[in-house]
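S.K.: Just so we're aligned: 1624 in the numbering used here is position 134 of the sequence shown, and the numbers increase by one with no gaps anywhere.
Just so you know, even glycine gets a beta-carbon here, dropped at the ideal spot from N, CA and C.
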Amino acid sequence: MPSKKYFKNLIVRGKIGEALAEMMKTAEETGQDDLSNDLLLLSSRYNRNEAQLNRGVIDTRDYDLAINRIANTLNEYVDQLEIKEEEETSTATATATSVTDPAPDRFMALPAGKPKKIKYGEKAFREIESYSTQGLALIVTATDTETSALHQKMAPLPGEEGLLEVKKDNATYFLGKLGNFAIANVECGSMGSSASMGSILTVSNAISALQPKFVLMVGIAFGIDGAKQNIGDVLVSEHILPYEIQRAGSDQIIWRGSKPEASNTLRNNFKNLRGWEYTLPNGEEATLELCDILSGEKLIDNLNLRNQLVQQFPTAKGGEMEGAGLYAACQDKGVEWILIKSICDFADGNKGSGKKEKQALAIETALDACLHVFKKKYVFEALGLNALQED
């Protein structure tokens, strides 16, 4: 008979249908009729959601929320299974080779979902210049994972059939609607700030081309405390801490950089994000925190280095690679900015463990928080950006 650990690992890996089928069989074998009936009802809910997704009558966000709730309920039902301790012990060895233990940071992956198909339409740059005149926001991403997830949240602009794809010099811009506002998205050509297509040049060129009302960078970051932070917790920049600017003396390293502060208006919008809730797959609620965020050229996955940075910058709650460039470009162009990034790892040497799944959850929560803000109508009026007129 399978163990409780075996069932929970199936759920962690997103094998909800398989877990339901085997748990119903186990409940019948142990004579737990009430639990068997509950599992049957839960199985019906699961099958209904799968059918709706396949028919395209439920969007990915609603599907994921429904599957998260089913997975959380299923975890509770696992604890109700009357499996004797010796049975669990006897099956532990048999199942060890086929499952993966949950990560010590309490991480559980999003249930597997089918992304919606995105339609794109090519435009000449001159054809979209009117949107710059009317007003739009620039959203910057640094990786293909972040860009693809953002496009899943975007909708076509009024009168368009798909997202608009526009080439300008060395960059590709994607225009669409996020919530109630027109936005343009550009992806950095490389990670970090100072590379040839890093965030400084990417953001600077995009501002010159599109004249956005403000710039928001969204993506993934590392956290500093796996005991207190969850994969998927959202960090909103109070200040950026560019840690690369240092004086390396013979006996100590002294930080000599500035401590740039994000836009007051944009910080206020996210600080007052009333009503935003996101239940993580592990059953805990994602948090959103205005805080100081480290930024530098290093891809940090070393516990000692991370701890050295935290010791030097005790107010930091996380770190990433592009924020310093975002600040530098926006400061030079006189444009308001903010950084919204969600925790995908803890820079402790385990970045490669479940990397794809953790990054998927992190960008999902960061975008969900952004979408909650962009669904308001008057939130960006102080920055000169008005909501699009309804069709």
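Between T1581 and the rest of its own chain, which residues show a CB-CB distance below 7 Å, the 5 nearest in sequence each way excluded?
M.R.: Mapped onto the sequence shown, residue 1581 falls at position 91. Here T1581 scores only 42 on pLDDT, less than 50, and its place in the model is too uncertain to base an answer on.
S.K.: Does DSSP classify D1591 as helix, strand or coil?
M.R.: Reading the sequence shown from its first residue, position 101 is the one you call residue 1591. Here the model assigns D1591 a pLDDT of 36, short of 50, so the residue's position is not dependable, and the following value carries that caveat. Coil at D1591, not helix or strand.
S.K.: Using the three-state DSSP reduction, which class does T1633 fall into: helix, strand or coil?
M.R.: In the sequence shown, counting from the first residue as 1, residue 1633 sits at position 143. Correct three-state label for T1633: coil.
S.K.: Compute the Euclidean distance between the alpha carbons of L1653 and E1612, then round it to the nearest angstrom.
M.R.: As a first step, residue 1653 must be located in the sequence shown, where it is residue number 163. As a first step, residue 1612 must be located in the sequence shown, where it is residue number 122. Using only the alpha carbons, I get a separation of about 9 Å.
S.K.: Which of the three DSSP states, helix, strand or coil, is assigned to S1620?
M.R.: Looking up residue 1620 in the sequence shown gives position 130. If DSSP states are grouped into helix, strand and coil, S1620 belongs with the helices.
S.K.: Find the nearest neighbour of L1795 within the set W1766, T1769, A1837 and A1819, judged by alpha-carbon distance.
M.R.: In the sequence shown, the residue the question calls residue 1795 occupies position 305. It is A1837 whose Cα lies nearest to the Cα of L1795.
S.K.: Do V1630 and V1693 have their CB atoms nearer than 7 Å?
M.R.: What you label residue 1630 is simply residue 140 of the sequence shown in a count that begins at 1. What you label residue 1693 is simply residue 203 of the sequence shown in a count that begins at 1. Yes, the pair counts as a contact, with Cβ atoms nearer than the cut-off.
S.K.: Leaving out five residues on either side along the sequence, give the residues of the same chain with a beta carbon under 6 Å from the beta carbon of P1594.
M.R.: In the sequence shown, residue 1594 corresponds to position 104, counting from 1. Confidence at P1594 is low in this model, with a pLDDT of 48, below 50, so the placement of that residue should be treated as unreliable; the coordinate-derived value is given next. So no residue of the chain qualifies.
S.K.: Under the rule that 16 or more other beta-carbon atoms within 10 Å means buried, what is G1815, buried or exposed?
M.R.: As a working mapping, residue 1815 is identified with position 325 in the sequence shown. G1815 is buried by the Cβ-count criterion.
S.K.: Using alpha carbons as the reference points, say which of K1657, A1639, L1778 and N1670 lies closest to G1603.
M.R.: Locating residue 1603 in the sequence shown gives position 113, where the first residue counts as 1. For the residues K1657, A1639, L1778 and N1670, the minimum Cα distance to G1603 belongs to A1639.
S.K.: Do V1708 and C1834 have their CB atoms nearer than 7 Å?
M.R.: Indexing the sequence shown from 1 puts residue 1708 at position 218. Indexing the sequence shown from 1 puts residue 1834 at position 344. Not in contact: V1708 and C1834 (Cβ atoms no closer than 7 Å).
S.K.: Determine which residues share a DSSP beta bridge with G1666 and list them.
M.R.: Here the question's residue 1666 lines up with position 176 in the sequence shown. According to DSSP, which records beta bridges pairwise, G1666 is partnered with I1673.
S.K.: At what residues does the alpha helix (DSSP H) containing K1867 begin and finish?
M.R.: As a first step, residue 1867 must be located in the sequence shown, where it is residue number 377. Looking at the DSSP string, K1867 is not in any alpha helix (DSSP H), and its letter there is neither H nor E.
S.K.: Could you pull the start and end residues of the beta strand (DSSP E) that D1835 belongs to?
M.R.: In the sequence shown, counting from the first residue as 1, residue 1835 sits at position 345. Run containing D1835: E1826 to D1835, per the beta strand (DSSP E) assignment.
S.K.: Which full runs of the beta strand (DSSP E) of 3+ residues lie inside the region 1779–1813, going along the chain?
M.R.: Listed in chain order, the complete beta strand (DSSP E) runs (minimum 3 residues) inside the region 1779–1813 are 1806–1810.
S.K.: Comparing alpha-carbon positions, which option in V1568, A1674 and S1680 lies nearest E1512?
M.R.: On the sequence shown, residue 1512 is found 22 positions in, with the first residue counted as 1. For the residues V1568, A1674 and S1680, the minimum Cα distance to E1512 belongs to V1568.
S.K.: Can you name, in chain order, every residue of its own chain whose Cβ lies under 6 Å from the Cβ of K1761, other than the five neighbours on each side?
M.R.: By one-based count along the sequence shown, residue 1761 stands at place 271. Counting only Cβ-Cβ distances below 6 Å, and skipping sequence neighbours, we find L1780.
S.K.: Answer yes or no: do Q1642 and P1601 have a C-beta to C-beta separation smaller than 7 Å?
M.R.: Residue numbering aside, residue 1642 sits at position 152 when the sequence shown is read from its first letter. Residue numbering aside, residue 1601 sits at position 111 when the sequence shown is read from its first letter. Going by C-beta atoms, Q1642 is not nearer than 7 Å to P1601.
S.K.: With DSSP run on the structure shown, which of helix, strand or coil describes K1440?
M.R.: Outside the displayed range of the chain (1491 to 1881) lies residue 1440, so it cannot be described from this structure.
S.K.: If you follow the alpha helix (DSSP H) that K1658 is in, where does it begin and where does it stop?
M.R.: Position 168 of the sequence shown, counted from the first residue, corresponds to residue 1658. From DSSP, K1658 is part of no alpha helix (DSSP H) but of the beta strand (DSSP E) over L1653 to K1658.
S.K.: If you follow the beta strand (DSSP E) that Y1610 is in, where does it begin and where does it stop?
M.R.: Here residue 1610 refers to the residue found at position 120 of the sequence shown. Y1610 to K1613 is the span of the beta strand (DSSP E), which, as asked, contains Y1610.
S.K.: Hey, out of A1661, T1777 and A1872, whose CA is closest to L1756's CA?
M.R.: To locate residue 1756, count along the sequence shown from 1; it is residue 266. Among A1661, T1777 and A1872, the Cα nearest to that of L1756 belongs to A1872.
S.K.: Give me, in chain order, the residues of the same chain whose beta-carbon lies closer than 6 Å to that of T1579; leave out the 5 immediate sequence neighbours on both sides.
M.R.: By one-based count along the sequence shown, residue 1579 stands at place 89. A caution first: T1579 carries a pLDDT of 42, below 50, which makes its placement in the model unreliable, though a value can still be read off. Cβ neighbours of T1579 beyond the five flanking positions: none.
S.K.: Whole angstroms is fine: what's the gap from S1727's alpha carbon to P1804's?
M.R.: Position 237 of the sequence shown holds residue 1727. Position 314 of the sequence shown holds residue 1804. C-alpha separation (whole angstroms): 15 Å.
S.K.: Do the CB positions of L1731 and A1661 come within less than 7 Å of each other?
M.R.: Counted from its first residue, the sequence shown places residue 1731 at position 241. Counted from its first residue, the sequence shown places residue 1661 at position 171. For L1731 and A1661, no; Cβs fall outside 7 Å.
S.K.: Span of the alpha helix (DSSP H) holding I1506?
M.R.: Here residue 1506 corresponds to residue number 16 of the sequence shown, with the count starting at 1. Run containing I1506: I1506 to E1519, per the alpha helix (DSSP H) assignment.
S.K.: Along the chain, where does the alpha helix (DSSP H) that runs through E1540 open and close?
M.R.: Start at 1 with the first residue of the sequence shown, and residue 1540 comes out as number 50. Note, E1540: alpha helix (DSSP H), D1523 to R1545.
S.K.: Looking only at C-alpha atoms, which of I1557, V1676, N1562 and L1529 sits nearest to Q1542?
M.R.: Your numbering for residue 1542 matches position 52 in the sequence shown. Q1542 has its Cα closest to that of I1557, out of I1557, V1676, N1562 and L1529.
S.K.: Taking K1718 as the reference, give the member of Y1733, K1609, L1829 and A1776 with the closest Cα.
M.R.: In the sequence shown, the residue the question calls residue 1718 occupies position 228. When only C-alpha atoms are compared, the closest one is A1776.
S.K.: Note down the Cα distance separating E1847 from L1829, rounded to an integer number of angstroms.
M.R.: As a working mapping, residue 1847 is identified with position 357 in the sequence shown. As a working mapping, residue 1829 is identified with position 339 in the sequence shown. E1847 and L1829: Cα-Cα distance of roughly 22 Å.
S.K.: Taking the alpha carbon of Q1570 as the point to measure from, which residue in R1535, L1529 and F1597 has its own alpha carbon closest?
M.R.: Numbered from its first residue, the sequence shown carries residue 1570 at position 80. It is L1529 whose Cα lies nearest to the Cα of Q1570.
S.K.: Just the Cα atoms here: how many angstroms apart are A1509 and A1517?
M.R.: The sequence position of residue 1509 within the sequence shown is 19, counting from 1. The sequence position of residue 1517 within the sequence shown is 27, counting from 1. Using only the alpha carbons, I get a separation of about 12 Å.
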